[in-house]
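For this note's numbering, add 593 to where a residue sits in the sequence shown, where the first one is 1. Built from N, CA and C at the ideal position, the CB exists for glycine as well. None of these values were measured; they are calculated from a predicted model. Presented below is the structure to which this report refers.
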Amino acid sequence: MNPPDREVECTIPILPVRNLERSVQFYTQTLGFHLDWRGGPVCSVSRDARPIMLKESLTATTSAWVWIGLESDSLFHLYREQGVKVLQEPMNWSWAYEMKFEDPDGNVLWLGTEPRDDLPKQDTP
594 MNPPDREVEC TIPILPVRNL ERSVQFYTQT LGFHLDWRGG PVCSVSRDAR PIMLKESLTA
654 TTSAWVWIGL ESDSLFHLYR EQGVKVLQEP MNWSWAYEMK FEDPDGNVLW LGTEPRDDLP
714 KQDTP
């Protein structure tokens, strides 16, 4: 048997939530993710085969950030229309065209795609 090409298979963010049921509804019904599995206080939701795990903790006092790389900016508009709390409107930087949303537990969903050539870059004169 040959050794594997890589040691790390994947990385999956685990977001702290105070109410797992509420968070599952938010991620599935509002953001369009699918519930992959659920066991006790933890579950996995995914969109386009890209998972995020949610872990219920009644004492969670911190939130997390997760980068979600996109192929287009269609989700920016969809999430805004769905009433998701916008932390940052779309901005065009030299590294990405990005926007930030917040889930009900204060976790930040940082969505981005390639910089847009048709808009000025915020970080260049």
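Based on the DSSP output, what are the partners of Lys648 in its beta bridges? Within the sequence shown, the letter at position 55 stands for residue 648. In the DSSP output, where bridge partners are listed per residue, Lys648 has Pro609 and Val635.
Rounded to whole angstroms, what is the Cα-Cα separation between Leu702 and Glu695? To locate residue 702, count along the sequence shown from 1; it is residue 109. To locate residue 695, count along the sequence shown from 1; it is residue 102. Cα to Cα, the separation comes out at about 6 Å.
Where Phe626 sits in the DSSP three-state scheme: As a first step, residue 626 must be located in the sequence shown, where it is residue number 33. The answer is coil: DSSP assigns Phe626 none of H, G, I, E or B.
For the 8 Å Cβ check, are there 3 or more pairs between the region 683-693 and the region 640-656? no
As an exercise, report each continuous alpha helix (DSSP H) stretch of at least 4 residues that is fully enclosed by the region 634-717, in chain order. 667-674
When DSSP labels each residue in this structure, what does Val617 get in the three-state scheme? Within the sequence shown, residue 617 is the residue found at index 24, counting from 1. Of the three classes helix, strand and coil, the one that applies to Val617 here is helix, per DSSP.
Are Arg640 and Val617 touching if we call contact CB-CB under 9 Å? By one-based count along the sequence shown, residue 640 stands at place 47. By one-based count along the sequence shown, residue 617 stands at place 24. Not in contact: Arg640 and Val617 (Cβ atoms no closer than 9 Å).
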